[in-house]
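In our numbering, the protein residues as written are 1 to 620.
All residues carry an ideal CB built from backbone N, CA and C; glycine is no exception.
Here is the structure we will look at, set down as C-alpha cells.
As C-alpha cells, then:
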C-alpha cells in the first residue's frame, strides 16, 4: 500500500521516453562523434613516426573542455582559451590527416590484421630492439639540452642545484601470500612496466624504488629479483669522473609504506609523504629490508642531501621529483626526461638556457592572452612579467593506451590482446603522476591529491597555493625558432604532459586492485569501430614509444587465458586489505569470475561475462 503523502516513482519506460532524456541522449551521441573525429584526426599523425614529427602538443583534443568547462574549468578565461585552441587543433589535425593518408595510402576503412604468429602487421616491422642510450624520444629540441646545461652551468659553485628524481612502484604490498595473483602481476610487470622503465631516455638519472611486502612469498621474491637482474635494472652506474663511486639505479624494498600518497590513503604516523630524507633514512636504518640495491648507495645519497651545503636550513635549492608508476602500467620512453626538463624550466629557469619574456600581453579583462589572440589583436596592452618559481607543483598525463587481455578461444586473431585509446582533459591518469618540490620546502605542506582530483583542485586555486608568480613564457611569435616553443603555462600549480600522443600505458586485467575498466567502455569500442586506423597507430606506438614486445604480450595473454579464474579468485580475497581498494562492486565482479570457474569446470564457458554451454557457443 502506498502512502498518500509519498510520491510514486515513474516507471522506467516513462523516464526513458521523456523528451528531456531523449534530448540528453542526442547530445551524448553528438559529443561521442565529435570526440571520435578529433581523436582520429590527431592520431593519424602518429603514422609518420619515422619522419620529422610535428609538435604533438598541438594535437590534443579539447572538444571535451568546451563541453565540460562549467565543471572543473569554471572561469571564463579557460573556456575562451579552450575554444580558441579547439579551432587551431582542428586546422592542424586536418593537415596531418592528409600527410598520413598520402604517406601510407590508408583509408578510413583500413583495418590492420594479425599475422600467423598473432602479431599485428603494424608491430612486426618495428620489433627490433632499441638501445636506450641512442633512443631519441619525441621531445622538443631543447629538452635533452636543458639538463646538460644544468649539470655544466655554475660549475664554479660549491653546491649547484640538483634534480633528484624518485620513481616509486608498488608490488603486492599487504598481499604477501596471494601467489597466483603475484604470478600474474609479475607477468604484467615484465611485459609492460619493466621495459618502459629501463628503456627510458633518462635511464641512469633517476632512482627506481620498488616497494613490496616484507613477507612476500620467497619464490615470488626470487623471481622478481631475477627478472630485474636479467634486464640490467640492478646494474650500478658511476656518478663521479673517476668511476669509483658507483650507485644503484634500482632498489627493491620490503616495506608496506609509500611516499607518494593521495588524500584518501591512510598511512602510518611515522611516514612522511614526499620526504626523501625520511625515505632514505628508513632504508638505511633497516638494511635487511633491502631485497635488492646497495645499502651504501642509499647511504651516500642521504649523506649528500643532509650535507651542510644542501641542508634544509640553508635554503636548499635542490629539486626533488616523485613519480608514481604501478607495477602493471608503463610510461612513454621519454616521459621521465620530459618531466625533468620541465622541472628545470619552472624551478630553475636560470639553467634552462632561454630568456623568459619580461613582458606579457593581456586581454581586456587583464588575463594573459594566448598566442592566437595576440595575432588577431596585436595592439593588446602588456604588463610586466615577474616570475617567481613555485615551491612545489604537479605533473600528470591525460592520454594513454589501455591494453586488454583477450579470449584466445573466441578471438584468436588478437593473440597479443587488444588496445583502446583513452583521453582526459580534466582528469589525470595514475601512471606518471609527478610531484616536484624544493629541497628546502616542508614536504608535509604539499597537498596530497587523488589522481582524479588533481586538476579540479589545483587549477581554480591559482598560483598562490604553491607560492609562485608570473608566467614561464618565451618567444611565441610566428618568427620564433621552433625550439623556443613551449607548453603553455596557465600560471597554476599543475601541468598536463602533452608532449606525446600517448604518455602512458595501462594494463586492464582482473589483477587490478580496483577492478575499474577491466573491459573497454562504450566510448572506446565506438572509437575503434568508427576509426580502425586508431588501432594501427596504437600498436605502432606500443613498440616504438613504449618498448613493449609483441612476443611477451602474447605470452602474457596466454597466461591470463589459462589462469584468469584463479587470479580473480585471489584478487577477490585481496580486496579490502590495508592499502588496497575496497569497492563492493569490485568484489562482486571478482567473485563472479570465481563462481564462473565452477561452472566452466562443469562444461560451461564464458562469453562476455556470462556462463554459457558449449552448445550455445557453437551456435553463435
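ask   = If we count Cβ pairs, one from each stretch, closer than 8 angstroms, do we get three or more for the region 212-224 versus the region 171-182?
value = yes
message = To the nearest angstrom, how far is the alpha carbon of residue 203 from that of residue 335?
response = 11 angstroms
request  = Compare the Cα-Cα distances from residue 561 to each of 425, 431, 545, 406 and report the closest residue.
outcome  = 406
key: Same chain only: Cβ atoms within 8 angstroms of residue 494, ignoring 5 sequence neighbours per side   = 393, 394, 395, 396, 454, 455, 458, 459
key: Per DSSP, the bridge partner or partners of residue 165   = 321
ask   = Who are the Cβ neighbours of residue 511 in its own chain at under 7 angstroms, not counting the five residues just before and after it?
value = 181, 184, 185, 188, 328, 567, 571
query = Going along the chain, which residues of its own chain have a beta-carbon closer than 7 angstroms to the beta-carbon of residue 346, five neighbours each way excluded?
reply = 389, 390, 393, 472
Given residue 234 as reference, the closest of 538, 402, 551, 246 once Cα atoms are compared = 246
ask   = When DSSP labels each residue in this structure, what does residue 236 get in the three-state scheme?
value = strand
request  = Could you work out which residue in 439, 538, 447 is closest to residue 401 when comparing CA atoms only?
outcome  = 538
query = residue 558 and residue 340: beta carbons closer than 8 angstroms?
reply = no
ask   = Which stretch, first to last residue, makes up the beta strand (DSSP E) that contains residue 173?
value = Premise fails: residue 173 is in no beta strand (DSSP E) and is neither H nor E.
key: Residue closest to residue 230, alpha-carbon to alpha-carbon, out of 210, 254, 194   = 194
request  = Decide if residue 167 is buried, meaning its Cβ has at least 16 other Cβ atoms within 10 Å, or exposed.
outcome  = buried
request  = Reducing DSSP to helix, strand and coil, say where residue 212 ends up.
outcome  = strand
inquiry  = In the DSSP output, which residue or residues are listed as bridge partners for residue 333?
reply    = BP columns for residue 333 are empty, so no partner.
request  = With distances taken Cα to Cα, identify the nearest neighbour of residue 449 among 440, 468, 429.
outcome  = 429
Same chain, Cβ closer than 6 angstroms to residue 332, neighbours up to 5 away in sequence not counted = 500, 503, 545
query = alpha helix (DSSP H) containing residue 230: first to last residue?
reply = 218-231
ask   = Count the other CB atoms within 10 Å of the CB of residue 268; is the residue buried (16 or more) or exposed (fewer)?
value = exposed
ask   = At what residues does the alpha helix (DSSP H) containing residue 194 begin and finish?
value = 194-198
Neighbour-count burial assignment, residue 330, 16 or more Cβ in a 10 Å radius = buried
request  = Identify every run of the beta strand (DSSP E) within the region 348-403, keeping only runs that are complete inside it and at least 3 residues long; order them along the chain.
outcome  = 359-361, 382-384, 392-397
Alpha-carbon spacing of residue 251 relative to residue 320, whole angstroms = 18 angstroms
message = DSSP three-state label for residue 559, please.
response = helix
ask   = According to DSSP, is residue 511 helix, strand or coil?
value = coil
task = May I ask which residues mark the beginning and end of the alpha helix (DSSP H) holding residue 500?
result = Note, residue 500: premise wrong, no alpha helix (DSSP H); not H, not E.
task = Starting from the Cα of residue 488, find the closest Cα among 260, 372, 211, 238 and give me that residue.
result = 372
message = Less than 8 angstroms between C-beta atoms, sequence neighbours within five positions excluded: which residues of the same chain meet that for residue 358?
response = 384, 385
message = By alpha-carbon positions, which one of 322, 497, 542, 287 ends up nearest to residue 403?
response = 542
inquiry  = Which residue marks the beginning of the alpha helix (DSSP H) containing residue 295, and which one marks its end?
reply    = 295-305
query = How long is the line joining the alpha carbons of residue 380 and residue 443, rounded to whole angstroms?
reply = 41 angstroms
message = Check for me: the alpha helix (DSSP H) holding residue 285 runs from which residue to which?
response = 276-285
query = Considering only C-alpha positions, which residue in the set 474, 475, 452, 446 is nearest to residue 464?
reply = 446
inquiry  = Suppose contacts are defined by Cβ-Cβ distances below 8 angstroms. Is residue 298 in contact with residue 325 by that definition?
reply    = no
key: Span of the alpha helix (DSSP H), counted from its first residue to its last, around residue 183   = 179-188
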